[in-house]
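Engineer: Sequence lines, in order, name chains A and B. Using my numbering, the first residue of the first sequence is number 12, and each one after it goes up by one. Using my numbering, the first residue of the second sequence is number 22, and each one after it goes up by one. Glycine included, each C-beta is placed from N, C-alpha and C at the ideal position. I have a structure here, written as structure tokens, and I will follow up with some questions on it.
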Amino acid sequence: MKTSEEDLPPGVVSTPPPRSSTSGRGRRWVWLGVAPFFLYTFLFLLYPAISILLGAFQDENGNITLKLVRSLSEQGSLDAYWTSIKLSVITAVLGGLFGLLIAHAAIAGRLPRWVRTTLTTFSGVAANFAGVPLAFAFISTIGFTGVITKFLNDSLGFDLYGTGFKLYSFWGLVIVYLYFQIPLMVLVIAPAIDGLRREWREAAENLGATATQYWRHVALPVLMPSLLGAGILLFGSAFGAYATAYALTSGRLPLVPLLIGQVTTGNVLSDPHYGNALALGMVLVLGVTMTLYAILQRKASRWQR
Amino acid sequence: MAALRRRRWLTLGVLWLALATAYFVVPLLATLQFSLQPSRTGYGLDAYRTILQDPGFRESLYFSFKLAVFTVIISLVLLVPTAYWVHLKLPRIRPVIEFLTILPFVIPPIVLVVGLLQGFRWTPTWFYGGYLILVVGYAVLAFPYVYRSLDAGLRAIDIHTLSEAAQSLGARQSTVLFRVILPNLRAALLSAAFLTLALVMGEFTMGQLMQFPTFAVYIGYVGQTQATGAAALSLLSFAITWVAMLGILFAAGRGAGGRAAQVGGTH
């Protein structure tokens with residue numbers, strides 16, 4: 012054991028078993044090991060957050076004002092928040108539902124193993140394939156001159172755009188967002204579905220339970236904490252999405268991220284402090300969601316016991 | 022009775038999977054066909070030829086790759102020692118580190134970029150005007166992926182025994198980290214690097230708001246003028262994501278902690 016201990020800062024020498032048995036003198040040195048991380052996180056994550064908070068209460072000259080925060084309650088801002096929240100909730104619920112069903116079919120159904128492997132691998136790709144390329148993929152598919160739009164018109168005589176459908180509308184955006192929401196759900200919920208024992212379903216079936224009863228009384232209660240967590244993740248991923256919406260709608264739909272983009276980039280509308288106020292609002296919405304999640308999570312896991 | 026019901030379950034499952042496959046595959050095939058559509062002259066590969074000849078394509082691809090490499094370096098240099106240290110000496114603060122590294126999942130890029138632009142406005146132009154501020158932000162976005170990957174890798178090996186064995190043989194702390202721990206973390210490091218690569222190569226929000234010509238910003242720009250070119254680039258972007266994911270699978274096959282974290286992306 013008498014090794015090169017002189018080279019080390021005092022207290023850093025790890026004498027065998029004791030894991031955190033740092034001497035009084037060494038305790039301070041041990042913290043140095045994580046100092047760079049805390050410094051970086053403070054500078055580039057917490058300090059920007061604080062800057063938003065402060066920036067939202069200042070005008071262009073640095074004077075303190077409530078004007079910008081108050082402007083959040085104006086019609087335009089409220090519309091944007093309402094549309095953003097609606098879009099996030101709808102895509103989180105639909106994406107969560109479809110993702111759950113697909114993952115359940117591939118994992119708990121008696122299907123060959125490769126189905127599951129393919130599904131999780133593809134989900135890994137699809138959840139990361141988002142933003143501008145995703146928007147253009149859908150424009151090429153069911154956009155105004157898209158391949159499927161043409162096919163429906165030429166072969167089946169069905170005019171998709173004659174029905175009033177628009178890809179850059181709210182429901183168009185829902186369809187596109189599901190392309191990353193469903194795979195995200197599959198990835199997040201797969202471990203939880205693994206935890207559903209096959210015997211539980213067999214027992215339920217043998218006792219004469221219908222599929223609905225099995226889900227209502229067995230599967231859902233067990234999955235509930237994971238479902239809530241996944242739902243929050245999906246909500247957040249849609250709520251913060253900017254690239255997909257930007258490329259798809261060119262700002263025609265009032266969404267908070269698009270509004271922030273408009274007032275932050277240097278064009279005529281540029282008003283960075285209003286951008287700060289909008290961003291602060293987003294953080295608040297996400298914060299409320301997380302709090303709600305923490306409360307529901309506690310309820311759900313209590314119910315499980 | 023039960024068997025009949027079971028068969029119905031199976032059929033229902035297969036039906037769901039078939040529908041899902043259609044929803045996920047059709048847009049890709051349609052994009053391929055769209056990108057091969059005749060433009061004004063000739064047929065077929067026109068869109069690809071135009072893109073390949075555009076200097077903006079090569080430049081933005083190279084630029085984004087450079088950003089990705091820097092981001093990988095910064096996030097690994099920062100998080101590897103941190104994760105190792107926390108596992109070895111400070112297991113008590115693991116929840117704190119976990120919370121901080123998961124925060125970028127909660128704070129979306131659009132908010133982070135506003136904060137960076139607002140908070141660092143007073144800094145000299147070599148930071149504020151250069152792409153360093155973008156890389157620094159990308160490293161934050163990569164935190165959840167990189168840390169979770171490293172954390173899983175460290176959990177899978179017995180770092181206490183390894184560290185003590187190395188130290189009792191006379192290794193210094195830095196030698197332990199570089200010659201003992203890191204080689205054992207190869208899979209986790211690789212998958213963290215590939216995830217970060219996929220993240221940065223496709224990132225649009227921060228690049229656009231800071232007005233840098235990244236690959237995704239270039240795709241968006243092309244899309245405003247030539248739809249077929251944008252389709253071709255979208256497929257290429259999809260291929261890059263695939264390569265990164267296959268890299269992770271490959272890394273996972275080689276050791277611990279590879280598949281820990283592959284959730285997400287910025288949308």
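Per the DSSP calculation, Q188 of chain B is bridged to which residue(s)?
Structural biologist: Position 167 of the second sequence, counting from 1, holds the residue named residue 188 of chain B. Paired residues: none, contrary to the question.
Engineer: So, does the CB of N164 of chain A fall closer than 8 Å to a CB anywhere in chain B?
Structural biologist: For the purposes of this step, residue 164 of chain A is identified with residue 153 of the first sequence, where counting begins at 1. Cβ-Cβ to chain B under 8 Å: no for N164 of chain A.
Engineer: Which word fits Q188 of chain B, buried or exposed, when buried means at least 16 other C-beta atoms lie within 10 angstroms of its C-beta?
Structural biologist: The residue given as residue 188 of chain B occupies position 167 in the second sequence. Buried, because 16 or more other Cβ atoms sit within 10 Å of the Cβ of Q188 of chain B.
Engineer: Compute the distance between the beta-carbons of V136 of chain A and I240 of chain B, then report whether it is under 8 Å.
Structural biologist: On the first sequence, position 125 is the one that residue 136 of chain A refers to. On the second sequence, position 219 is the one that residue 240 of chain B refers to. The criterion of a C-beta distance shorter than 8 Å is not satisfied by V136 of chain A and I240 of chain B.
Engineer: Enumerate in chain order the residues of its own chain whose CB-to-CB distance from L83 of chain A is below 6 Å, with the five nearest sequence positions on each side excluded.
Structural biologist: The residue you call residue 83 of chain A lines up with position 72 of the first sequence. Answer for L83 of chain A: A288, G292, listed in chain order.
Engineer: Which chain A residues are close to W37 of chain B, counting only those with a beta carbon under 7 Å from its beta carbon?
Structural biologist: Residue numbering aside, residue 37 of chain B sits at position 16 when the second sequence is read from its first letter. L112, I113, A116, listed in chain order.
Engineer: Name the chain A residues that come within less than 7 Å of G140 of chain B, Cβ to Cβ?
Structural biologist: To locate residue 140 of chain B, count along the second sequence from 1; it is residue 119. Near G140 of chain B (Cβ distances below 7 Å), the residues of chain A are Y58, P59, S62.
Engineer: For I75 of chain A, which residues does DSSP report across the bridge?
Structural biologist: Against the first sequence, residue 75 of chain A aligns to sequence position 64. In the DSSP assignment, the residues bridged to I75 of chain A are A:Q69.
Engineer: Assign P129 of chain B to one of three DSSP states: helix, strand, or coil.
Structural biologist: By one-based count along the second sequence, residue 129 of chain B stands at place 108. Coil.
Engineer: Report the residue from B:Q74, B:V167, B:P59 whose alpha carbon sits nearest the alpha carbon of L121 of chain B.
Structural biologist: In the second sequence, residue 121 of chain B corresponds to position 100, counting from 1. Nearest of B:Q74, B:V167, B:P59 to L121 of chain B, Cα basis: B:V167.
Engineer: Using the C-alpha atoms, what's the distance from M222 of chain B back to R208 of chain A?
Structural biologist: As a first step, residue 208 of chain A must be located in the first sequence, where it is residue number 197. As a first step, residue 222 of chain B must be located in the second sequence, where it is residue number 201. The straight-line gap from Cα to Cα measures roughly 40 Å.
Engineer: In this structure, does DSSP put T196 of chain B in helix, strand or coil?
Structural biologist: Locating residue 196 of chain B in the second sequence gives position 175, counting from the first residue. Here T196 of chain B sits in helix by DSSP.
Engineer: Using the beta-carbon of each residue, which ones in chain B are nearer than 7 Å to L297 of chain A?
Structural biologist: Against the first sequence, residue 297 of chain A aligns to sequence position 286. V127, listed in chain order.
Engineer: Need the endpoints of the alpha helix (DSSP H) that D172 of chain B sits in, please.
Structural biologist: Stepping through the second sequence from its first residue, residue 172 of chain B is reached at position 151. Secondary structure note for D172 of chain B: its alpha helix (DSSP H) is the uninterrupted segment 153 to 177.
Engineer: Between the alpha carbons of A209 of chain B and R70 of chain B, how many angstroms are there, rounded?
Structural biologist: As a working mapping, residue 209 of chain B is identified with position 188 in the second sequence. As a working mapping, residue 70 of chain B is identified with position 49 in the second sequence. Whole-angstrom Cα-Cα distance: 38 Å.
Engineer: Taking T226 of chain B as the reference, give the member of A:S62, A:G157, A:I271 with the closest Cα.
Structural biologist: Walking along the second sequence from the start, residue 226 of chain B turns up at place 205. Nearest option by C-alpha distance: A:I271.
Engineer: With H, G and I counted as helix, E and B as strand and the rest as coil, what does DSSP make of F169 of chain A?
Structural biologist: Numbered from its first residue, the first sequence carries residue 169 of chain A at position 158. Coil, per DSSP.
Engineer: What in chain A is Cβ-close to P130 of chain B, meaning under 8 Å?
Structural biologist: Taking the second sequence and counting its residues from 1, one reaches residue 130 of chain B at position 109. Those are G251, Y253, listed as they occur along chain A.
Engineer: Does DSSP classify Q58 of chain B as helix, strand or coil?
Structural biologist: Position 37 of the second sequence, counting from 1, holds the residue named residue 58 of chain B. The answer is coil: DSSP assigns Q58 of chain B none of H, G, I, E or B.
Engineer: Would you kindly work out how many angstroms separate the C-alpha atoms of I118 of chain B and G106 of chain A, rounded to a whole number?
Structural biologist: Counted from its first residue, the second sequence places residue 118 of chain B at position 97. Counted from its first residue, the first sequence places residue 106 of chain A at position 95. I118 of chain B and G106 of chain A: Cα-Cα distance of roughly 30 Å.
Engineer: For Y304 of chain A, which residues in chain B fall below 9 Å Cβ to Cβ?
Structural biologist: Looking up residue 304 of chain A in the first sequence gives position 293. Within chain B, no residue comes near Y304 of chain A; the closest Cβ sits about 11 Å away, beyond 9 Å.
Engineer: Does A263 of chain B get closer than 8 Å to chain A when you measure Cβ to Cβ?
Structural biologist: Along the second sequence, read from residue 1 onward, the residue named residue 263 of chain B stands at position 242. Before going on, a small fix: residue 263 of chain B reads as Trp here, not Ala. Yes, contact with chain A.
Engineer: Please specify which runs of the alpha helix (DSSP H), each continuous and at least 4 residues long, are wholly inside the region 199 to 257 of chain B, giving them in chain order.
Structural biologist: If we require 4 residues or more, the alpha helix (DSSP H) runs fully inside the region 199 to 257 of chain B come out as 207 to 223, 226 to 230, 236 to 246.
Engineer: Could you check what DSSP says for F48 of chain A in three-state terms: helix, strand or coil?
Structural biologist: Residue 48 of chain A sits at position 37 when you count from the first residue of the first sequence. Here F48 of chain A sits in helix by DSSP.
Engineer: Please go through the same chain and pick out, in chain order, the residues whose beta-carbon is closer than 8 Å to the beta-carbon of L109 of chain B, but skip the five residues on each side of it.
Structural biologist: For this step, residue 109 of chain B is matched to residue 88 along the second sequence. Correct list, in chain order: I180, H181, S184.
Engineer: Kindly give me the distance between the Cβ atoms of S62 of chain A and G140 of chain B, rounded to whole angstroms, as I take these residues to be in contact under 8 Å.
Structural biologist: For the purposes of this step, residue 62 of chain A is identified with residue 51 of the first sequence, where counting begins at 1. For the purposes of this step, residue 140 of chain B is identified with residue 119 of the second sequence, where counting begins at 1. Yes, they are in contact, since the Cβ atoms of S62 of chain A and G140 of chain B sit about 3 Å apart, within 8 Å.
Engineer: When the Cα of Y285 of chain A is compared with those of B:V135, B:V238, B:G158, which residue comes out closest?
Structural biologist: For this step, residue 285 of chain A is matched to residue 274 along the first sequence. For Y285 of chain A, the nearest C-alpha among the options comes from B:V135.
Engineer: Give me, in chain order, the residues of the same chain whose beta-carbon lies closer than 6 Å to that of L234 of chain A; leave out the 5 immediate sequence neighbours on both sides.
Structural biologist: The residue labelled residue 234 of chain A in the question sits at position 223 within the first sequence. Within the same chain, L234 of chain A has close Cβ partners A203.
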